[in-house]
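Here is the structure we will look at, set down as C-alpha cells.
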Amino acid sequence: MFKKLLIANRGEIALRIVRACREIGITPVAVYSEADRNSLHVRNADEAYLIGPAPARESYLNIKRIIEVAKKAGVDAVHPGYGFLAENADFAQACVDADITWVGPSPECIRTLGDKVQARKIMQEAGIPVVPGSEEVTSKGKAASAATGIGYPIMIKATAGGGGHGMRTVYRPEELPMALEAASKEATSAFGHGALYLEKFLDPVRHIEVQIIADSMGNVVSLGERECSIQRRHQKMIEEAPSTAVKPTLRRHLEEMALRAAKATGYTSVGTLEFLVDRKGQANFLEMNTRLQVEHPVTELVTGVDLVADQILVATGEKLPYRKASIQGWAIECRIAAEDPFNNFLPSVGTVSFVSVPGGPGVRVDSALYDGLEISHYYDPLIAKLCTWGRTRMEAIQRMRRALREFKIVGISTNIPFHLQVMEDQHFIQGKLDTAFVERRFEGRRENGLHEEQVALLAAAVLTHRKGERRSSEPDQRPRAGAWRLRNRPARSEAGARGWQRSI
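First residue of the sequence shown: 14, per the working numbering; consecutive thereafter.
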C-alpha cells in the first residue's frame, strides 16, 4: 500500500480523493494555485504545496512543477482526478520516469486510446461497431471529400481530448470550411494540437456509457451503464444509472463490448466506454475515457463500490475484490455549475457569500463549496455534484427535486433552476431522452424569475445568517441594490423561486 499520494487536481474531485485516501490509510498531499490557497482540498489534506499562479497552464497543467513537488513531498503515487492532466500521457510517463506510481492506465494506453482515430481502429479490429467516420483530415479538400462520403450532417471532432472541445456539427457543405477552422483553433487551445476527424452526426440517439475497472492480473469487471444524454453543446449536465433505454439484452451486449475493448487494449484501472444508441437499440462505439469520470458517483450509489479507493488499490497491484457488481435502485447526478441559465448559461464569477447543502436519505453532495469561496474565470464552472438514490427512478427524481430546492448558494448564479425544470419535465420523467433533449425542450426557455416579495424573503434570510456570523454594519453585509429590482431573471441565489418560497 502507498504511504503518501499526491492529488494533481483541485476542487471537489481533489477533496473526494483526499477522503478515499483517508479511508484506506494513505496520507493525502494536495497541490494548489495562488487562487486556491483557501480551498477545502488544501485545508483537508495532510500536506499542501503551491505550484504556481492562478492560470491552469502555470499551475495545474505544469507537469515539471508538479513532478518537482511530488519528489519534494516524497510521495509514492500521483492521482490525476479528471480534467487537467488526467488523460495526458506525457504526465503519466513523467511520473513513471520519476519512479512514482501513476494511478491510472499505462502511458501507452492513454496515448493510444486518447487518439480517437486510433481508438476507432482498435475497436473495429476487436469487432466492435463504431460511428461511421473518417481518418484524420489534413486539409479542407480531404475533409470535404470525407464529409461527402459519410453524408451530411457530420460532426467535426478533435482527435485528442474531450469535454466537447474542438467539436462542431455541420449540416451543409458551405458551412464546413469555417467550422473546420474554428474546431482546429479550439482543439489547439485545449489540447495543444488541432488535428481533426469527421463522424456521422446521428440524431436522435442516446449517449450511454459503461463503467469498467480492471486490475493488472487480467480481471475486468463491468459496473453497469450510465445514461448521459442530457447535454448542452456536448457537455454532460445530468447523468443517471441505470438507463431507461437499456434492457437486459442490450445491457449484456454493451458490457460484453466494454470487456472486449478493455482486454484488446490491455487496460488497467478505471475506464469508461462511451456508445451512441439509436431507437432500434443499435450501439456504436464513440470513445473511451482513460480516467475517472465526473459522473462516477451514480455508479457508486447503485453498486456500493468505491471507485476511487478501488482505483488506488488496483494501482498498487492488488487484485480486484469482486468479479461482478449487482445494481440496486436508481441514482441521478445533477452537475451544479456557476452558470446563468437565464443568460445562455454564461459563466458566473464572484464570491459565494452563503451556501447550505442539502441532506437527508438518499442524498449525496460532492463539492468544495464554503462561505467566502471565490469563483474565478480560470477554471471549469463545475462547483458541485448533487446526487440522489432511490429504490425506483421516480423516488430518485423526487429526492432530487427536494434536494435542489434545499441547495442554497448565494452570491453567484448557478444552473439549479435549470435542473429543477428538467426534474419536473414530463419527457424526462417518462425517460424520453436523447442527446438533443436540452435544445429541444429548454434552449431559449426562460422562467419569470423571483417575484419582489420572494427576493425580499431571500435577502432577509441572508442578512439573518450574516448577522449571526458577525454583528456589524459594514456595507458589504447588505444585499446588493440591484437584487431588489429583478423580475425577469434570477436573483443572486439560484435555489429557484419555488425552492425559496417553500423552504423559507
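Heads up, the beta-carbon is just placed ideally off N, CA and C, and yes, glycines get one too.
Everything numeric in this text was worked out from a predicted model, so none of it was measured.
Nearest to E149 (by Cα), restricted to the options H206, H309 and S339: Reading the sequence shown from its first residue, position 136 is the one you call residue 149. Residue H206 is the option with its Cα nearest to E149.
First and last residue of the uninterrupted beta strand (DSSP E) at Y240: The count along the sequence shown starts at 1 and reaches residue 240 at position 227. This sequence places Glu at residue 240; Tyr is not what is there. Following the DSSP letters along the chain, one finds E240 inside the beta strand (DSSP E) bounded by residues V233 to R245.
Of the listed residues I388, S147, V109 and V290, nearest to T257 (C-alpha basis): The residue given as residue 257 occupies position 244 in the sequence shown. Nearest C-alpha to T257: V290.
The stretch 107-117 / the stretch 327-336 touching (three or more Cβ pairs under 8 Å): Touching, yes.
Inter-residue Cα distance where the pair is L470 and L189: Residue mapping note: residue 470 aligns to position 457 of the sequence shown, counting from 1. Residue mapping note: residue 189 aligns to position 176 of the sequence shown, counting from 1. With a pLDDT of 44 at L470, under the threshold of 50, the modelled position of that residue is not reliable, and no figure is offered here.
Whether I226 touches V234 by CB criterion (8 Å): Counting from one through the sequence shown, the residue named residue 226 turns up at place 213. Counting from one through the sequence shown, the residue named residue 234 turns up at place 221. Cβ atoms of I226 and V234: closer than 8 Å.
Span separating the alpha-carbon of H440 from that of E452: As a working note, residue 440 is residue 427 in the sequence shown. As a working note, residue 452 is residue 439 in the sequence shown. Looking at the two C-alpha atoms, the distance is approximately 13 Å.
Span of the alpha helix (DSSP H), counted from its first residue to its last, around Q411: Here residue 411 is taken as the residue at index 398 of the sequence shown, counted from 1. Note, Q411: alpha helix (DSSP H), R406 to E419.
Where P41 falls: helix, strand or coil (DSSP): Here the question's residue 41 lines up with position 28 in the sequence shown. In this structure, P41 counts as strand in the three-state DSSP scheme.
Residue environment, R458, which counts as buried when at least 16 other CB atoms sit within 10 Å: Here the question's residue 458 lines up with position 445 in the sequence shown. Its pLDDT being 49, under 50, R458 is placed unreliably by the model, and the measurement read from it follows with that caveat. Counting Cβ neighbours within 10 Å, R458 comes out exposed, since fewer than 16 surround it.
Bridge partner(s) assigned by DSSP for F298: Within the sequence shown, numbered from 1, the residue matching residue 298 stands at position 285. DSSP, once it has assigned bridges, lists V143 and F288 as partnering F298.
N- and C-terminal bounds of the alpha helix (DSSP H) containing R181: Mapped onto the sequence shown, residue 181 falls at position 168. First-last for R181: R181 to V183, but that is the beta strand (DSSP E), not the alpha helix (DSSP H).
Buried or exposed by the 16-neighbour rule on C-beta atoms within 10 Å, applied to T405: Locating residue 405 in the sequence shown gives position 392, where the first residue counts as 1. Answer is exposed; the Cβ neighbour count stays below 16.
As assigned by DSSP and simplified to three states, the class of H390: Residue mapping note: residue 390 aligns to position 377 of the sequence shown, counting from 1. Three-state result, H390: coil.
Validate contact between the stretch 341-357 and the stretch 402-416 using beta carbons, cut 8 Å, 3 pairs: yes
Straight-line gap, T79 to G164 (C-alpha atoms, nearest Å): Taking the sequence shown and counting its residues from 1, one reaches residue 79 at position 66. Taking the sequence shown and counting its residues from 1, one reaches residue 164 at position 151. Sequence inspection shows Ile at residue 79; the Thr mentioned does not correspond to that position. Spanning the two alpha carbons is a distance of roughly 45 Å.
Inter-residue Cα distance where the pair is A102 and E437: Reading the sequence shown from its first residue, position 89 is the one you call residue 102. Reading the sequence shown from its first residue, position 424 is the one you call residue 437. C-alpha separation (whole angstroms): 42 Å.
Residues near L446 by beta carbon distance below 8 Å, same chain, minus five either side: Translated into positions along the sequence shown, residue 446 becomes position 433. Excluding sequence positions up to five before and after L446, its CB lies within less than 8 Å of the CB of R219, E240, S242, I243, T257, A258 and H440, all in the same chain and listed in chain order.
M230, DSSP secondary structure in three states: The sequence position of residue 230 within the sequence shown is 217, counting from 1. M230 falls in the coil class under three-state DSSP.
Cβ-Cβ distance between I167 and E212 below 8 Å: Your numbering for residue 167 matches position 154 in the sequence shown. Your numbering for residue 212 matches position 199 in the sequence shown. Result yes, Cβ atoms of I167 and E212 sit closer than 8 Å.
6 Å Cβ shell around M270 - same chain, five flanking residues per side excluded: By 1-based counting over the sequence shown, the position of residue 270 is 257. Around M270: I141.
Chain-order list of residues whose beta-carbon lies under 7 Å from that of P488 (same chain, five-residue window excluded): Within the sequence shown, the letter at position 475 stands for residue 488. For P488, the predicted structure reports a pLDDT of 39, less than 50, and the residue's modelled location is therefore unreliable. A value from the coordinates is still provided. There are no such residues.
Beta carbon of V31 nearer than 8 Å to that of N57: If you number the sequence shown from 1, residue 31 lands on position 18. If you number the sequence shown from 1, residue 57 lands on position 44. A contact, by the Cβ cut-off of 8 Å.
For H92, the residue or residues it bridges with in DSSP: One-based indexing of the sequence shown puts residue 92 at position 79. Looking at the DSSP assignment, H92 forms a beta bridge with I20.
Check whether Q106 and P120 have beta carbons under 8 Å apart: Here the question's residue 106 lines up with position 93 in the sequence shown. Here the question's residue 120 lines up with position 107 in the sequence shown. Going by C-beta atoms, Q106 is nearer than 8 Å to P120.
L28 versus T161 - alpha carbon distance: Translated into the one-based positions of the sequence shown, residue 28 becomes position 15. Translated into the one-based positions of the sequence shown, residue 161 becomes position 148. Using only the alpha carbons, I get a separation of about 48 Å.
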